[in-house]
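Before any comments, here is the structure.
Numbering (the UniProt record's numbering), first residue to last: 1 to 500.
And the structure:
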C-alpha cells in the first residue's frame, strides 16, 4: 500500500447501490456463513435502478443442497465471512443491503487489554444475534475468554476448536455451526526473537490453524493465522521472518488443500497489499482477495482495517498513512469442480453502537461468498502469470538472503562473546590458583570480588551461548527456505507452461 497524502482526512466510503469499483488490494476476515432462500436472491441495482439480468453462464449448477431445515441452496452456497486481527478479535458485520446489524471487535490480551471481558461479552452477544455458520477469531490469548465464548455460542455454533502453541498461545480459535471433521496446527519455524520482550511475538508461537468442515457435501479447508507484526516500516528487522512465514503458510496450504473443494484463509497477515509476502502467498497458492473481487463494498476507504481514529492504535505509527492501512485479509479459491465469488464485502467503521469503545484495534471485515458447482472438474491453470511469479520468488529470496546475512553476523557476534566469557572464567580460575598459592605468605583472598566477577562471566557465557544456539537455528531455517525457493524457481523454469 502506498502512503496517502497527509492532507486527506480519514473517512469511510458511503453505502453503494451497485457494483463498487475496488482498488487492487487485499483484505482479511472472520469466517461466517448464512443462507438465503433461492426464491428471492439478492441482486445489486444498476445506476438506473433496474435489477440486472442474471448471468446465464452461471446457471448450469449442480443439485440443490439442504441446510438448516427448510433453507436450501439451489446451485450455490452463500457464505458470510468475517475476521479479526492483530491483538484483537474481529467479528462479522452484515451485508450492506440485506442485513443491518453492527459488527464486533475486541482486544483480548489478559491483564493488559482495556475492558477485555466487557468486549468479549459484546462479541459473544453479537455473534449469537448474527448466527454465523463459521467464526474465526485471533488473539484470544486467555483460555478463560475462549471458554466464555464457547459457552455463549453453544446454541448457534456448537462446534469449536482452540489452537494451542508457544508460551502464551497462538490466540487462534474457530467456532462452527457445522461439525469440524479434522484440525491441524503448524507453528512457524521463525517468529521473531525471544530477547525482544517488548514485542512478544516469539512467546505467542505464531501459527496457522486448519479446520476441515463439510457443508452440504462441500469440503472446506479453513485456515486462520496471524503473522509477525511490523513494528517499523522503515527499519523492519522482522521482514525476513515474515517472508519465511508467508512462504511456509503458502506451502502448508498447497500441501494440505489437495482434497478440499474450497479453500478459505482469514487472518491478520501484517502485510500491506503490495508487500512481497502477500504477493508471494497469493501467487504461489492461487488465492484470490475478497476485497479486490467483491462486487459490492462498503466500509473504510481503501478497505483499511487499522485506522488512526481507533482509540487502541498508536497514532504515531500511522503518521505516514493518514487513512490507515489494510493488513487483514480474506483469501479464497476453489480447488475442484466449484467456483467461488465474493458477492459483498464490508468493514466496521467505528465504536460499538451505544458505547465509546471499538470491538478491537482493527476494523472487522465481512465477506459474503457464493460457492457454485460447475459440473466438471477444473483443469490445470495455465501459467500466464509465470514471469510475475518468478519475479516475486526472486524478490522473496533476496529478502531471505538479507535476513540470512544478518543472522550469520549475530551468530558470529554471540559466539565470539561466549568465547570471551569462557576466557574470562579461565583467567579467573588461574588467578584463584595464584592467590591460593600465596595464602601461606599471609595474604588474604578477595572472595567477594572473585565471586562477583565469576558470576558476571558465567551469566555472559550462558546468555551468549543461548543466543548463539538461537541464531544457529535461525540460520538453518533461513538457509532451508532459501533453498526451497530456489528449487521452486527451477521447477517453474523447467515447466514454463503450467502451474500446479
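Glycine residues also receive a C-beta, built at the ideal position from the N, C-alpha and C atoms.
query                                                                                                            : result
Where the alpha helix (DSSP H) through residue 470 begins and ends                                               : 447 to 494
Beta carbon of residue 209 nearer than 8 Å to that of residue 185                                                : yes
Delimiting residues of the beta strand (DSSP E) encompassing residue 325                                         : Looking at the DSSP string, residue 325 is not in any beta strand (DSSP E), and its letter there is neither H nor E.
Whole-number beta carbon distance between residue 334 and residue 262, since they are thought to touch under 8 Å : 6 Å
Residue 241 - DSSP class collapsed to helix/strand/coil                                                          : helix
Residue range of the unbroken alpha helix (DSSP H) whose run includes residue 276                                : 276 to 285
Nearest-angstrom beta carbon gap, residue 367 and residue 290 [assumed within contact, 8 Å]                      : 4 Å
Identified DSSP bridge partners for residue 173                                                                  : 137, 162
Element boundaries [alpha helix (DSSP H), containing residue 123]                                                : 116 to 130
N- and C-terminal bounds of the beta strand (DSSP E) containing residue 193                                      : Premise fails: residue 193 is in no beta strand (DSSP E) and is neither H nor E.
Selected residue, minimal CA-CA separation from residue 189, among 241, 372, 271, 396                            : 241
Reduced DSSP secondary structure (H/G/I, E/B, other) of residue 302                                              : helix
Cβ-heavy atom distance, residue 334 to the ligand NAP, below 7 Å                                                 : Ligands in the displayed structure: none, and consequently the ligand NAP is not present.
Buried versus exposed call for residue 259 [16 or more other C-beta atoms within 10 Å across all chains shown]   : exposed
Rounded C-alpha distance that separates residue 425 from residue 416                                             : 14 Å
Where residue 354 sits in the DSSP three-state scheme                                                            : coil
DSSP-derived helix/strand/coil call for residue 225                                                              : strand
Integer-rounded CB distance, given that residue 478 should sit under 8 Å from residue 404                        : 4 Å
CA nearest to the CA of residue 254, picked from 238, 305, 488, 304                                              : 488
Contact check, residue 206 vs residue 239, beta carbons under 8 Å                                                : no
Residue 315 burial status per 10 Å Cβ neighbour count (16 or more: buried)                                       : exposed
Three-state secondary structure (DSSP) of residue 289                                                            : strand
Given residue 152 as reference, the closest of 164, 170, 122 once Cα atoms are compared                          : 122
Euclidean distance between Cα positions of residue 381 and residue 276                                           : Any reading at residue 381 is ruled out, since the residue's pLDDT is 47, under 50, leaving its predicted position unreliable.
Environment of residue 126 [buried if 16+ CB atoms lie within 10 Å]                                              : buried
Alpha helix (DSSP H) segment containing residue 144, residue limits                                              : 143 to 152
Residue 205 - DSSP class collapsed to helix/strand/coil                                                          : coil
Cβ contact check for the region 445 to 459 and the region 212 to 227: 3 or more pairs under 8 Å                  : no
7 Å Cβ shell around residue 173 - same chain, five flanking residues per side excluded                           : 137, 140, 146, 160, 161, 162, 163
Buried or exposed by the 16-neighbour rule on C-beta atoms within 10 Å, applied to residue 483                   : exposed
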